[in-house]
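Asker:
Number of protein chains: 4
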Amino acid sequence: MTLKLVIIGGGSSYTPEIIEGIIDRYDQFPVREIALVDIEKGKEKLQIIAGLATRMVQKANKPIVITSTLERRRALRGANFVTSQIRVGGLKAREKDERIPLSYGALGQETNGAGGIFKALRTIPVLLEISKDMQELCPDAWLINFTNPAGMVTEALLKYGKHKRIIGVCNIPFNMRTGVAEILQCNVEDIEIEFVGLNHFVFGRRVLVKGVDRTATVVERLKDPTNQYAPANIVSEGWSSTFLSAFMMLPNPYHSYYFKGADMLEKNLKAYWENGTRAEVVQQVEAELFKKYENKDLEEKPTELEQRGGAFYSDAACNVMTSIYNNTGDVQTVNVQNNGTISDLPDEVVIETNALIGASGPRPISIGALPLSIRGIIQLMKNVEELVIEAAIKGDRERLYQALLINPLVREEALAHDLMEDLLEAHKEDLPQFYQQA
Amino acid sequence: MTLKLVIIGGGSSYTPEIIEGIIDRYDQFPVREIALVDIEKGKEKLQIIAGLATRMVQKANKPIVITSTLERRRALRGANFVTSQIRVGGLKAREKDERIPLSYGALGQETNGAGGIFKALRTIPVLLEISKDMQELCPDAWLINFTNPAGMVTEALLKYGKHKRIIGVCNIPFNMRTGVAEILQCNVEDIEIEFVGLNHFVFGRRVLVKGVDRTATVVERLKDPTNQYAPANIVSEGWSSTFLSAFMMLPNPYHSYYFKGADMLEKNLKAYWENGTRAEVVQQVEAELFKKYENKDLEEKPTELEQRGGAFYSDAACNVMTSIYNNTGDVQTVNVQNNGTISDLPDEVVIETNALIGASGPRPISIGALPLSIRGIIQLMKNVEELVIEAAIKGDRERLYQALLINPLVREEALAHDLMEDLLEAHKEDLPQFYQQA
Amino acid sequence: MTLKLVIIGGGSSYTPEIIEGIIDRYDQFPVREIALVDIEKGKEKLQIIAGLATRMVQKANKPIVITSTLERRRALRGANFVTSQIRVGGLKAREKDERIPLSYGALGQETNGAGGIFKALRTIPVLLEISKDMQELCPDAWLINFTNPAGMVTEALLKYGKHKRIIGVCNIPFNMRTGVAEILQCNVEDIEIEFVGLNHFVFGRRVLVKGVDRTATVVERLKDPTNQYAPANIVSEGWSSTFLSAFMMLPNPYHSYYFKGADMLEKNLKAYWENGTRAEVVQQVEAELFKKYENKDLEEKPTELEQRGGAFYSDAACNVMTSIYNNTGDVQTVNVQNNGTISDLPDEVVIETNALIGASGPRPISIGALPLSIRGIIQLMKNVEELVIEAAIKGDRERLYQALLINPLVREEALAHDLMEDLLEAHKEDLPQFYQQA
Amino acid sequence: MTLKLVIIGGGSSYTPEIIEGIIDRYDQFPVREIALVDIEKGKEKLQIIAGLATRMVQKANKPIVITSTLERRRALRGANFVTSQIRVGGLKAREKDERIPLSYGALGQETNGAGGIFKALRTIPVLLEISKDMQELCPDAWLINFTNPAGMVTEALLKYGKHKRIIGVCNIPFNMRTGVAEILQCNVEDIEIEFVGLNHFVFGRRVLVKGVDRTATVVERLKDPTNQYAPANIVSEGWSSTFLSAFMMLPNPYHSYYFKGADMLEKNLKAYWENGTRAEVVQQVEAELFKKYENKDLEEKPTELEQRGGAFYSDAACNVMTSIYNNTGDVQTVNVQNNGTISDLPDEVVIETNALIGASGPRPISIGALPLSIRGIIQLMKNVEELVIEAAIKGDRERLYQALLINPLVREEALAHDLMEDLLEAHKEDLPQFYQQA
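Chains as they are written, first to last, in this note's numbering: chain A, 745 to 1182; chain B, 745 to 1182; chain C, 745 to 1182; chain D, 745 to 1182.
(1) Where Lys787 (chain C) and Ser756 (chain C) are concerned, what is the direct C-alpha to C-alpha distance, given to the nearest angstrom?
(2) Could I get the ranges of all uninterrupted alpha helix (DSSP H) runs contained in the stretch 1011-1092 of chain D, with 4 residues as the minimum, in chain order?
(3) If we call anything under 7 Å between Cβ atoms a contact, is Glu1032 (chain B) one with Glu839 (chain B)?
(4) Going straight from the alpha carbon of Lys803 (chain A) to that of Phe825 (chain A), what length do you get?
(5) Using a C-beta cutoff of 7 Å, does Asn1083 (chain D) count as contacting chain A?
(6) Can you check whether the CB of Glu1043 (chain B) is closer than 7 Å to the CB of Met800 (chain B)?
(7) So, are the CB atoms of Pro845 (chain C) and Gly859 (chain C) less than 7 Å apart?
(8) On the criterion of 16 or more Cβ atoms from any shown chain inside 10 Å, does Gln1028 (chain D) qualify as buried, or is it exposed?
(9) Measuring CA to CA, which of D:Gln1076, D:Ile783, D:Leu790, D:Val775 is closest to Phe1034 (chain D)?
(10) Measure from the C-beta of Asn699 (chain D) to each C-beta in chain A and report whether the shortest distance is under 7 Å.
(11) Please report the distance separating the alpha-carbon of Gly1139 (chain D) from that of Leu1175 (chain D).
(12) So which residues of chain D does Leu1100 (chain A) contact, with C-beta pairs closer than 7 Å?
(13) If contact is defined by three or more beta carbon pairs under 8 Å, each pair taking one atom from either stretch, is the stretch 1064-1082 of chain C in contact with the stretch 1105-1113 of chain C?
(14) Give the interface partners of Asn971 (chain C) over in chain B, defined as CB-CB distance under 8 Å, in chain order.
(15) Expressed to the nearest angstrom, what Euclidean distance is found between the alpha-carbon atoms of Gln1177 (chain D) and Leu1167 (chain D)?
(16) Ala1160 (chain A) and Tyr1179 (chain A) - do their beta-carbons sit closer together than 7 Å?
(17) DSSP has Ile1109 (chain C) in a bridge; who is on the other side?
(18) Give me whichever residues DSSP pairs with Thr827 (chain A) in a beta bridge.
(19) Using a Cβ-Cβ cut-off of 7 Å (strictly less than) and excluding sequence neighbours within five positions of Gly982 (chain C), which residues of its own chain qualify?
(20) According to DSSP, is Asp957 (chain A) part of a helix, a strand, or is it coil?
(21) Quick one: residues in its chain with C-beta nearer than 8 Å to the C-beta of Asp1237 (chain B), no 5 flanking neighbours on either side, listed in chain order?
(22) If the criterion is Cβ atoms closer than 7 Å, does the pair Phe939 (chain C) and Thr1072 (chain C) meet it?
(23) Do the stretch 1117-1134 of chain D and the stretch 1118-1131 of chain C make contact, defined as three or more Cβ pairs closer than 8 Å?
(24) Measuring CB atoms only, is the stretch 1086-1101 of chain B touching the stretch 919-927 of chain B, in the sense that at least three cross pairs come out at less than 8 Å?
(25) Can you find a C-beta in chain A that's less than 7 Å from the C-beta of Glu964 (chain B)?
(26) State the CB to CB distance for the pair Met896 (chain D) and Ala864 (chain D), rounded to an integer number of angstroms; the pair is presumed to be in contact (CB under 8 Å).
(27) Check whether chain C comes within 7 Å of Ala1103 (chain B), counting only Cβ atoms and requiring the distance to be less than that.
(28) Go through its chain and collect everything with a Cβ distance to Val1026 (chain B)'s Cβ below 8 Å, but skip five positions before and after it.
(29) Can you list the residues of chain B that Val940 (chain C) reaches, using a CB-CB cut of under 9 Å?
(30) Which residue comes first and which comes last in the alpha helix (DSSP H) that contains Thr986 (chain B)?
(31) Rounded to whole angstroms, what is the Cα-Cα separation between Leu964 (chain C) and Ala990 (chain C)?
(32) Applying the 10 Å Cβ sphere with the 16-neighbour rule, what's the burial state of Ala794 (chain B)?
(33) Once the 5 residues before and after Ala1061 (chain B) are set aside, which same chain residues still bring their CB inside 8 Å of it?
(34) So that I know if they touch, is there some Cβ in chain A lying closer than 7 Å to that of Leu1124 (chain B)?
(35) Between which two residues does the beta strand (DSSP E) holding Leu780 (chain B) run?
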């Protein structure tokens, strides 16, 4: 068997990171072909990335063939692993996801609030098509999805698609573990964080260092705001003593949007007035990155890439693939079907949780009941996600309105309505399911 | 057996209503003694009420003896039914529950938000003492609780008390049914609303008229803002078409605090600037009521009483007692232990639901899974309630902070902290459980 | 609207009972047309019954038209209620269900053991066809099913059919209530038994007389073997003191097959050697009944009919229909979808339980967790039923073998195999789903 | 820290096996002291074992100190690990557990049927005392329980004791894995069997070889009766093709008692008539073993020991202890609290399942819903266990009778009564909880 990896959204500026990850793991995970796939609009970027990727494997002296194509179905044939990092509508769409809520004084973000909801609406149908193709063309291949909102997308595919070999990954748990290792000054390998919850709404219930519970120590040290583990894209000043002592768990950086919303809104508005939306900033960053990538002398991932919010996503993805390939059975944090792991959530939803990763796929470690302090809020967030998924699949405006209203970042009857109307209109082209029958 | 009813908080301005209810139902529910109980501070009011009550039964020519006492334990001996309508700390405390949140730009109310949480903290320990006395002195008696927040209080008693003959009642479902009868122009007896949810967070999932589903009609008519069923104390302009069509259920008036919070806040602030808090308004109204009550010529419940928010509470209570006494087995809406009725909530929590009322107590009609549109928000609200109850019983500041933060009307890390500190300090005297060991 | 009732299996010897029930309830339930439907083989019986039924309504002087037909679909058009009391394969098939297990020294009966399993296999596909016709021809009509095994049949229809207006009824709860009234010497109307469990495996958890718990008294009196409530077809000597005191619940007569199996087997074998199977006895009884029915002078249900095991089935059915028609909302014991009523069983299974019966259908009273003493055995029996239903729908031999093996009346690997092979062969004609693709 | 192991029941004939296990693992699990504890009656055996153990460690040249004592509490002080392999009432009691049921024509065995139930009744109170001592004297120590019935004992301790560091182990999963490795001719390390169920009622749901599903192959090969994995004490001729194909899972040897009961009864009766009960055979074997153990030249575990049914129990125990000590995080099969791992069973019960074993204890891999084919029978068996535990703790005859009656190996009203009376009387001395208040 020749190990073949397909990267959907291969023209992404993040791709060099995953290429580096594959090169670094070549001994345990000997990929022989990497097929980069993108759409017509991304053609130019795709070629730039393909060029850089080819130089990278040559420099590293690995027998990996890099191909690039706009024909997804051709690429999928014979694949063993597929990764997805697409952005339906591009950064222009993200800009709208952010700007329109901000214009109403509401937080919108590509995974949270109204922005995240609309990103899900655009993305889910496209990924469902991809999973359908996989079921037909490479039924044994695993899809490692890190397209955001990763939890909702993974759940939609597992609920509505036939292809079941799907794992969602996120860099946040990875970041948190790395951050905690720094805080405790110990090896990241010795640390296990018991993650409970949902993608971008996950808590670290316990920190174990070589099996010894160090949660209280980490919580105590987090009271010092210089001890943080936030990714580059979330500006956070940390958490109050009261919060940390009351919950005695590790929040994740995205919790700021929910529990420190006023602060976050202020910061986002300020940043917006100064630099435009995060999407606009990112477009700028991307343009510069691609300028670098084009440089024929560049034969490695440039360090600038690490400063983006998504850094380590590809590490998370490469680790999962390597463990499946080698049937390692080590513990990693992934997005998988709940199936009783958390007894307070329905079986068929997707959770972010620790699981053994091996050739038969992920097997989550049982969690049982959620801590009382976070049970309700996690149930609420999952409910929002389920409503969004139904809306995305069926083009159902009622479900969409319900999701917006119930979402803690919207919550107002009139606001939910206005955001729904404006964002539907703004994304009309990328939301055919809402307009087909009108 | 001589049928004896004890009214805890007998000096309340609402008591004439319950007296009237007892008189009206005398043929089916022949109470022979009504013992009015209050505390030292309420002595004067108690006497006024006792006087009025005596005149009322005389006028009605019923052989009911009215007694009044400050000795609760003496009154409880031999009781068959006990009702509770107390207000620990009085309207002065309510004023703080409202004013302090408003001063932070947050909604606080006696059953919602930080105000409701602190009312629960003050009330639960006192009612637990009452239920303990009942277990000792009148173990077969039923406690009909309409002390707010009625759901939380009932849950706390059922979870932490030994006396299990406890039913919580509220006037909201009663109001909604009456309101729907008007909207549909039909007899209230022909209407059944399938209530699902929690006290002050209940939805009408279906409206049946003689068993025929008329939900869509009622929802449609609610789009006309003149069709309302809100009690006197909640100023509401109704719900948008979008909201009503999307949920296809009947919201209750208190939902405005959650889904139309901006509006409600604005209105509450305006009212506050003009007239002070609702508590202050109510103090005024009460003073006037008691002036009337003192009038020796008054031999009936004055009509002004009906204009208060709590109207029909006593109707709800009297109906429950009459059905228990006669083993009627009719359907009423009460607060009882879930015990599987709603499968998405824990067994031991209290829900507001339709139940058969008979001599063996309430037996809820099975509901099953909550509608997807409201599942998460109901789970969240219940979680808040559970945290509050733990805080109230144990004087646990961590639980209290969690409850405040998770509550949708607070939700901000810093605000939760400030409200907690200010309100704890303000209610210090009535919250010994938080200070005993300091 | 002209109220129309269709009786599928109208040629059954039980039909006069249901005719009588309809006549007796005419004032509250004014049926204008009763269409008797049967298959070709039952043509002669159908005509005899139609004749008798016509004489009965004439004698009673009610304006009810009796029709009879072999064309089921024609009859269903315009129906408001449909009852079903069919026997696929006739008494000949029942004879095999009983004889073949007995020949292996095992209990087989038309609702229990291997016999009941095979009756389900034959019956479910036929009733599924009927419910399909109803969905098309009379979508608002209720199917009141008393075809045995009533629980499994009802569950299969609700799981695999589109027509959801289906209620299963059984005479056992009716018998038990009547029997308990006699034991307590009080009016049957004053008695409520809290039934929990499954059809033919239901327990009476509590006996309430006017709301007062009299369970202990009834259990005590059942220790006297003359106090019984078994139907005519189950010879039982009652239960031991040890059993009754340990469970403190009312067993139903069919429990004898499970907890007194040795006794029952002995009695069944003895009866078999003396008179052949119960099926053969019944054939004899039926022949005699039909001789009577033919008599043009007979204008009433003959009393002999009451001595059969199924007596009161039609009372149960008529009560349900009358309450639906009048939206009565009284409590009756029916077979309905669990949907959380018993929290230890899956949502989609059918249970036998107390429910309010009204125009919108049955609404079960919440039960919560099963008593620990019977939880496991009820879960086991339900599991057997679920396996049987899957086997019946899909013609799945693996599921059938599992069901037989897990069934407490079989339980032996080799016996399960032999019974499966022999009974499949014996009923080959009536089990096309197992042979279609062979 | 000096690693100290306490062996309760140190005078058992199995002890040399665990001593060998400790010696073999010395490099990873450097035990420095093994304290053998037994009761007065076992004094002589204890000394023989202590002598042999001392010779074994000397031969192996390991710095392990062997001590022996009758004072349990003294031994427990400072312990890191405690194992338990006691037999309350000794083999004489086991003899009664087997003989009395057989005398009624029923299967009784030390873990199944009435025999297993009574072994639990005798054992649970004693182990509860041990766990109480541990909580006081060595609160951080882990109790590795392999006293049978291991599942029920572990559940009783976790439910009713304060010491929560308790893991139950059994040799059956270990045997099955070894047996499957032989059947598939591959390394045991490469095999993982997904075990679901209860101790002695566990199924192998899937067999993975290096992550690849080989279940169907193993099931196919098990049809050849020479491919077996039964321990020495269960004579089995394997399973029929029908059974294996229908369930498509691996049964465990004890399933023969339930699904091949007639066979097993016949064999047990035959063996009984020839050699007396298994208990009597074992007494004979033990006498011979101890004769060998006394021999001063013996410095190793004699091979005869492996031919007993309990072989590998100590391997299972040593593996668990080694992984806890080293925080290994490998997957082993243990008896732990369910806590949602199997969603069809209550949270607080104990299941036998695969778990990661590390310093923080066992963390089970989530299972979700049980396969439909075995759901009910596992729920039934667990219900029996819960009833037995309640009976054992409270000396409750009602619960005991319920457990016996519901148990598939008893199931008859009269038999349950007779077995209860005879066995209670026979074990009177060891069942003080049933007689204390008489």
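Note that CB positions come from ideal geometry on N, CA and C, so glycine has one too.
Answerer: If we stick to the structure as given:
(1) Approximately 11 Å, taken between the alpha carbons.
(2) Counting whole runs of 4 or more residues, the stretch 1011-1092 of chain D contains the alpha helix (DSSP H) stretches 1022-1038, 1057-1070.
(3) Taking 7 Å as the Cβ cut-off, Glu1032 (chain B) and Glu839 (chain B) do not qualify as a contacting pair.
(4) Per the coordinates, the alpha-carbon of Lys803 (chain A) lies some 24 Å from the alpha-carbon of Phe825 (chain A).
(5) True, the Cβ-Cβ gap to chain A drops below 7 Å.
(6) Result yes, Cβ atoms of Met800 (chain B) and Glu1043 (chain B) sit closer than 7 Å.
(7) Contact: yes.
(8) Its Cβ having fewer than 16 others within 10 Å, Gln1028 (chain D) is exposed.
(9) Ranking D:Gln1076, D:Ile783, D:Leu790, D:Val775 by Cα distance to Phe1034 (chain D) puts D:Leu790 first.
(10) Within the shown structure, residues of chain D are numbered from 745 to 1182, placing residue 699 (chain D) beyond reach of any answer.
(11) Between Gly1139 (chain D) and Leu1175 (chain D), the alpha-carbon positions lie close to 8 Å from each other.
(12) The answer, in chain order, is Ile1109.
(13) Judged by pairs of C-beta atoms under 8 Å, the stretch 1105-1113 of chain C touches the stretch 1064-1082 of chain C, as three or more such pairs exist.
(14) Neighbours of Asn971 (chain C) on chain B: none; closest Cβ ~24 Å, over 8 Å.
(15) Between Gln1177 (chain D) and Leu1167 (chain D), the C-alpha separation is close to 14 Å.
(16) Tyr1179 (chain A) is not a Cβ neighbour of Ala1160 (chain A), given a cutoff of 7 Å.
(17) Its beta-bridge partners are B:Ile1109.
(18) Per DSSP, A:Ile751, A:Ile888.
(19) Leu966, Pro969, Gln972.
(20) DSSP places Asp957 (chain A) in strand when its eight states are reduced to three.
(21) An answer regarding residue 1237 (chain B) cannot be provided, because it is not within the stretch 745 to 1182 covered by chain B.
(22) It is not a contact, given that the beta carbons lie outside the stated cut-off.
(23) When C-beta atoms of the stretch 1117-1134 of chain D are compared with those of the stretch 1118-1131 of chain C, three or more pairs fall below 8 Å, so the two segments count as touching.
(24) Too few Cβ pairs lie closer than 8 Å, so no.
(25) Not an interface residue.
(26) Contact holds; Cβ gap of about 5 Å.
(27) At least one chain C Cβ lies under 7 Å of Ala1103 (chain B).
(28) Beyond the five residues adjoining it in sequence on each side, Val1026 (chain B) comes within less than 8 Å, by CB distance, of Leu835, Arg838, Arg1052 in the same chain, given in chain order.
(29) Residues of chain B passing the Cβ test: none, with the nearest at roughly 12 Å.
(30) Membership of Thr986 (chain B) in the alpha helix (DSSP H) is indicated by the continuous run 985-991.
(31) For the record, residue 964 (chain C) in the displayed sequence is Glu; it is not Leu. Using only the alpha carbons, I get a separation of about 11 Å.
(32) By the Cβ neighbour-count rule, Ala794 (chain B) is buried, with 16 or more other Cβ atoms within 10 Å of its own.
(33) Contacts found: Ile762, Gly765, Thr827, Ile888, Phe890, Val913.
(34) Output row for Leu1124 (chain B): interface = yes.
(35) From DSSP, the beta strand (DSSP E) with Leu780 (chain B) extends over 777-781.
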